[in-house]
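Here the structure is laid out as structure tokens; the discussion comes afterwards.
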Amino acid sequence: MNQHHAKNSGDLGVFGVQVDLHEKGYIVSVPLTEHAPFDLVAYKNGSCKTIQVKYRSIREDRGTITVHFRSSYSDSNGLHTQKVDKGGIDVYSIYCPNTDSCYYLSPDEFGETVSLRVEPPENNQTENINFASDYLEVP
-3 MNQHHAKNSG DLGVFGVQVD LHEKGYIVSV PLTEHAPFDL VAYKNGSCKT IQVKYRSIRE
57 DRGTITVHFR SSYSDSNGLH TQKVDKGGID VYSIYCPNTD SCYYLSPDEF GETVSLRVEP
117 PENNQTENIN FASDYLEVP
């Protein structure tokens, strides 16, 4: 069987978020196409949220998880990267295998990139830090 590492990681991330949302009481649906701007739809208390999922490991040298709000795909012309249409999704979810946790972001709160701090900063700074533990619930 031909393995595609990035695709496997993405699938694991989506599965991790599905489990986490289920444990939080959401009904989770998967779109019938890979071309939707979102990976999941979560329903709870009469409200639906479209969710884009990213699989990200901790950057060991920094103790952070970094996400760029962009997507990439490849075709016969090579690799293409484009900014994510934040209007097409309600929530960005990051599955981190190092912590086995899911972090949930409102995409409008951030610019093109966000770093979530998993480990305490060496200088004990707390201002202007996005601590991962603050993003464990769906906004």
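Just so you know, our numbering puts 12 at position 16 of the sequence shown, and the rest follows in order with no gaps.
Glycine included, each C-beta is placed from N, C-alpha and C at the ideal position.
Would you tell me roughly how many angstroms separate the C-alpha atoms of residue i and residue j, rounded to the nearest one?
| i | j | result |
| --- | --- | --- |
| residue 11 | residue 119 | 36 angstroms |
| residue 92 | residue 40 | 24 angstroms |
| residue 43 | residue 37 | 10 angstroms |
| residue 145 | residue 57 | Lying outside -3 to 135, the shown extent of the chain, residue 145 is not represented and no answer is given. |
| residue 126 | residue 97 | 16 angstroms |
| residue 28 | residue 85 | 16 angstroms |
When DSSP builds the beta bridges, which residues end up paired with residue i?
| i | result |
| --- | --- |
| residue 48 | 88 |
| residue 136 | In the structure displayed, the chain extends from -3 to 135; residue 136 sits before or after that span and is not available. |
| residue 71 | 74 |
| residue 37 | 25, 46 |
| residue 127 | 113 |
| residue 97 | 92 |
| residue 58 | Beta-bridge pairing links residue 58 to no other residue. |
By Cβ distance below 8 angstroms, which residues in the same chain neighbour residue i in space, the five residues on each side in sequence not counted?
| i | result |
| --- | --- |
| residue 55 | 61, 62 |
Please classify residue i: does DSSP put it in a helix, a strand, or coil?
| i | result |
| --- | --- |
| residue 5 | helix |
| residue 79 | strand |
| residue 15 | helix |
| residue 10 | helix |
| residue 135 | coil |
Who are the Cβ neighbours of residue i in its own chain at under 6 angstroms, not counting the five residues just before and after it?
| i | result |
| --- | --- |
| residue 88 | 48, 101, 103 |
Flag residue i as yes if its beta-carbon sits less than 9 angstroms from any beta-carbon of chain D, otherwise no.
| i | result |
| --- | --- |
| residue 80 | Among the chains in the structure shown there is no chain D, since it carries only a single protein chain. |
Enumerate in chain order the residues of its own chain whose CB-to-CB distance from residue i is below 7 angstroms, with the five nearest sequence positions on each side excluded.
| i | result |
| --- | --- |
| residue 123 | none |
| residue 24 | 14, 17, 18, 36, 38 |
The segment 125 to 132 in contact with the segment 74 to 84 per 3-pair CB rule at 8 angstroms: A contact is defined here as three or more CB-CB pairs under 8 angstroms, and the segment 125 to 132 fails this definition with respect to the segment 74 to 84.
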